[in-house]
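S.K.:
Chains as they are written, first to last, in the working numbering: chain R, 1 to 184; chain F, 1 to 300.
1) Can you have a look at residue 227 of chain R and say buried or exposed, based on whether 16 or more other CB atoms are within 10 angstroms of its CB?
2) Relative to the C-alpha of residue 167 of chain F, which residue among F/74, F/229, F/248 is closest?
3) Give a yes or no on whether 8 Å exceeds the smallest Cβ distance from residue 143 of chain F to chain R.
4) Return the chain-ordered ranges of every alpha helix (DSSP H) run that is complete within the segment 26-109 of chain R and spans a minimum of 4 residues.
5) Any residues in the segment 37-70 of chain R with a beta carbon nearer than 7 Å to a beta carbon of chain F? Which ones, in chain order?
6) Would you call the CB atoms of residue 34 of chain R and residue 181 of chain R closer than 8 Å?
7) Who are the neighbours of residue 66 of chain F on chain R, taking C-beta pairs under 7 Å?
8) List the endpoints of the continuous beta strand (DSSP E) containing residue 171 of chain F.
9) So which residues of chain F does residue 78 of chain R contact, with C-beta pairs closer than 7 Å?
10) Beta carbon of residue 159 of chain R, beta carbon of residue 144 of chain F: below 8 Å?
11) Closer than 9 Å by beta-carbon distance: list the chain F residues that pair up with residue 92 of chain R, in chain order.
12) Classify residue 177 of chain R as buried or exposed, calling it buried when 16 or more other Cβ atoms lie within 10 Å of its own Cβ.
13) Which of the three DSSP states is assigned to residue 66 of chain F in this structure?
14) Does the segment 63-70 of chain F come into contact with the segment 97-110 of chain R, if we say contact requires no fewer than three beta-carbon pairs (one atom in each stretch) closer than 8 Å?
15) Is the beta carbon of residue 63 of chain R less than 8 Å from the beta carbon of residue 167 of chain R?
16) Using a Cβ-Cβ cutoff of 9 Å, what residues of the segment 223-240 of chain F are near chain R? List them in chain order.
17) Taking 8 Å as the threshold (beta carbon to beta carbon), is residue 139 of chain R in contact with chain F?
18) In chain order, which continuous runs of the beta strand (DSSP E) of length 3 or greater are located wholly inside the segment 210-236 of chain F?
19) According to DSSP, is residue 88 of chain F helix, strand or coil?
20) Just confirm the distance between the C-beta atoms of residue 260 of chain F and residue 214 of chain F, as a whole number of angstroms; I'd bet it's less than 8 Å.
21) Between which two residues does the alpha helix (DSSP H) carrying residue 166 of chain R extend?
22) When the Cα of residue 179 of chain F is compared with those of F/160, F/149, F/237, F/104, which residue comes out closest?
23) Can you name the residues that DSSP bridges to residue 129 of chain F?
24) Answer with yes or no whether the minimum CB distance from residue 106 of chain R to chain F is below 8 Å.
25) Using the beta-carbon count (16 or more within 10 Å), is residue 223 of chain F buried or exposed?
26) For residue 13 of chain F, which three-state DSSP category applies?
27) Which same chain residues end up closer than 8 Å to residue 20 of chain F when comparing Cβ atoms and leaving out the 5 residues on each side of it in sequence?
28) When the Cα of residue 133 of chain R is compared with those of R/120, R/162, R/119, R/38, which residue comes out closest?
29) Drop a sphere of 10 angstroms on the beta-carbon of residue 191 of chain F, count the other beta-carbons inside from all chains shown, and report buried for 16 or more, exposed for fewer.
30) Determine the burial state of residue 47 of chain R: buried for a count of at least 16 other Cβ atoms within 10 Å of its Cβ, exposed for fewer.
31) Could you check what DSSP says for residue 58 of chain F in three-state terms: helix, strand or coil?
32) How is residue 28 of chain F classed by DSSP in three states: helix, strand or coil?
Structure below.
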């Protein structure tokens with residue numbers, strides 16, 4: 001008997017083809033590794049050959065961490081700002097410990113906000129993120145000014161605005177990663 | 001999304017304690033980070049090894065992207081060169097004719113200069129290149145203007161060596177790793193460069209503003225003597241930067257100096273040359289004999 005060519009289906013995922021579609025386990029590795037890796041990779045964006053005359057590149061690591069934290073409260077522990085921040089310090093050029101301190105303070109602030117304002121909508125989250133981004137960037141400038149000569153704070157305005165406007169995009173990336181993370 | 005109710009773990013002692021431990025860890029970690037920060041504020045080069053490690057592990061990726069960027073820039077440059085090729089050729093030929101006579105004059109001046117220097121018994125260390133590399137990344141998200149160079153200790157690069165590009169001075173080396181080096185750009189607020197106006201040798205200092213421009217401050221007090229379009233070169237004072245390296249062009253006069261844009265744009269520099277210190281031995285001797293007798297090396 002001849003098999004019509006339309007009837008031939010290439011098995012796309014041979015391993016999964018005959019498995020039960022019910023009661024699949026989520027991969028624990030994926031669930032843990034995706035948020036951590038995404039934040040660290042976002043911190044490492046500065047290693048790309050991007051040269052700007054003024055600080056313009058948004059702190060993508062911070063945006064990613066805030067995105068995960070605000071989208072999925074309880075996923076990142078309270079202390080996670082410290083390792084993420086110290087990792088970011090390796091690549092950002094700030095004095096070592098600057099992001100470690102500021103990101104950790106941001107996470108603690110979010111913990112306090114979470115206990116006050118429990119039900120929030122998206123725009124409130126955006127506002128909170130905007131305030132925290134501004135505070136962290138200005139704090140970073142202040143800390144850089146402690147160690148070295150530092151420029152005027154008004155220099156940071158373009159970067160702050162760009163970072164705030166990019167936050168929704170980063171949250172969407174987090175959401176995509178989250179659905180991949182939790183996919184069975 | 002509302003937070004999960006993990007902050008009220010009920011009557012389970014274990015859950016209560018583990019929640020408490022996360023808060024303790026967060027607080028303790030914040031204090032540790034603050035301590036690390038205070039160490040790095042007191043001693044800015046203290047964590048150089050860690051940063052160098054970070055630069056080293058990401059250098060291969062940065063090199064690939066840098067190579068990609070350079071080749072795409074070359075392609076677009078080549079393509080745009082074909083547009084208006086004929087008229088461009090005519091203007092370039094005209095320029096070349098005009099430059100030829102100037103070049104001959106400059107050669108004659110150089111010979112005369114060498115003769116006069118010989119009379120004065122001024123010795124000049126030759127123009128010594130140490131290594132040629134490419135800028136592969138920069139701290140584009142921080143207020144510090146630091147770039148990473150693709151060569152390091154493997155090519156003999158050391159701290160406090162000036163770095164220039166084909167267009168002008170880029171900065172100086174502040175940290176060196178096995179195959180990468182970090183360069184403090186001249187636009188960083190920390191970087192002070194002794195400069196002079198090329199037309200009359202008016203001595204000045206340049207300090208970065210962190211936004212791509214530098215502030216030129218003359219040593220003499222009084223009204224700013226600069227005019228828009230003045231060309232600034234390094235003066236060689238201090239013994240670090242070689243004199244007459246092209247530096248910046250004045251774009252605006254201020255009350256006590258001038259704003260200038262450096263000639264070398266780190267984003268558009270095909271290569272960067274690490275140079276020998278201009279008067280390295282004299283500089284070392286001067287720093288060893290600091291006025292207070294204690295200062296060994298100035299903070300770079």
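Every residue, glycine too, gets a C-beta built ideally from N, C-alpha and C.
Note that the structure is predicted; figures quoted are calculated from it, not measured.
M.R.: In this structure, then:
1) Nothing about residue 227 of chain R can be read from this structure; chain R reaches only from 1 to 184.
2) Within the second chain, numbered from 1, the residue matching residue 167 of chain F stands at position 167. The option with the nearest alpha carbon to residue 167 of chain F is F/248.
3) Mapped onto the second chain, residue 143 of chain F falls at position 143. Chain R, which has a Cβ nearer than 8 Å to the Cβ of residue 143 of chain F, makes this yes.
4) 28-43, 60-71, 81-92
5) 44, 46, 47, 48, 49, 50, 51, 52, 53, 54, 55, 56, 57, 58, 59
6) As a first step, residue 34 of chain R is located in the first chain; it is residue number 34 there, counting from the start. As a first step, residue 181 of chain R is located in the first chain; it is residue number 181 there, counting from the start. Their beta carbons are under 8 Å apart, which means residue 34 of chain R touches residue 181 of chain R by this criterion.
7) Within the second chain, the letter at position 66 stands for residue 66 of chain F. Neighbours of residue 66 of chain F on chain R, chain order: 49.
8) Counting from 1 along the second chain, the entry for residue 171 of chain F is found at position 171. Residues 169-176.
9) Counting from 1 along the first chain, the entry for residue 78 of chain R is found at position 78. The contacting residues are 22, 23, 26.
10) Mapped onto the first chain, residue 159 of chain R falls at position 159. Mapped onto the second chain, residue 144 of chain F falls at position 144. No, they are not a contact pair.
11) Translated into the one-based positions of the first chain, residue 92 of chain R becomes position 92. The answer, in chain order, is 139, 141, 142, 144.
12) Here residue 177 of chain R refers to the residue found at position 177 of the first chain. Residue 177 of chain R comes out buried.
13) To locate residue 66 of chain F, count along the second chain from 1; it is residue 66. Three-state DSSP puts residue 66 of chain F in a helix.
14) no
15) Translated into the one-based positions of the first chain, residue 63 of chain R becomes position 63. Translated into the one-based positions of the first chain, residue 167 of chain R becomes position 167. Yes, these two residues count as a Cβ contact at 8 Å.
16) none
17) Position 139 of the first chain, counted from the start, is the residue given in the question as residue 139 of chain R. Not closer than 8 Å to any Cβ of chain F, the Cβ of residue 139 of chain R fails to qualify, so no.
18) 214-218, 231-234
19) Translated into the one-based positions of the second chain, residue 88 of chain F becomes position 88. DSSP places residue 88 of chain F in helix when its eight states are reduced to three.
20) Here residue 260 of chain F refers to the residue found at position 260 of the second chain. Here residue 214 of chain F refers to the residue found at position 214 of the second chain. Contact flag correct, Cβ pair sits at about 5 Å.
21) Your numbering for residue 166 of chain R matches position 166 in the first chain. Residues 157-182.
22) Residue mapping note: residue 179 of chain F aligns to position 179 of the second chain, counting from 1. It is F/149 whose Cα lies nearest to the Cα of residue 179 of chain F.
23) Within the second chain, residue 129 of chain F is the residue found at index 129, counting from 1. DSSP lists F/275 as partners of residue 129 of chain F.
24) Locating residue 106 of chain R in the first chain gives position 106, where the first residue counts as 1. False, the Cβ-Cβ gap to chain F never drops below 8 Å.
25) Position 223 of the second chain, counted from the first residue, corresponds to residue 223 of chain F. Exposed is the call here.
26) Taking the second chain and counting its residues from 1, the one referred to as residue 13 of chain F is at position 13. Residue 13 of chain F: helix per DSSP, three-state reduction.
27) As a working note, residue 20 of chain F is residue 20 in the second chain. Nothing listed; no residue qualifies.
28) Position 133 of the first chain, counting from 1, holds the residue named residue 133 of chain R. Comparing Cα positions, the closest option is R/162.
29) Translated into the one-based positions of the second chain, residue 191 of chain F becomes position 191. Flag for residue 191 of chain F reads buried.
30) Here residue 47 of chain R corresponds to residue number 47 of the first chain, with the count starting at 1. Looking at its Cβ environment, which holds 16 or more other Cβ atoms inside 10 Å, residue 47 of chain R is buried.
31) Counting from 1 along the second chain, the entry for residue 58 of chain F is found at position 58. Helix, per DSSP.
32) As a working mapping, residue 28 of chain F is identified with position 28 in the second chain. Three-state DSSP puts residue 28 of chain F in a helix.
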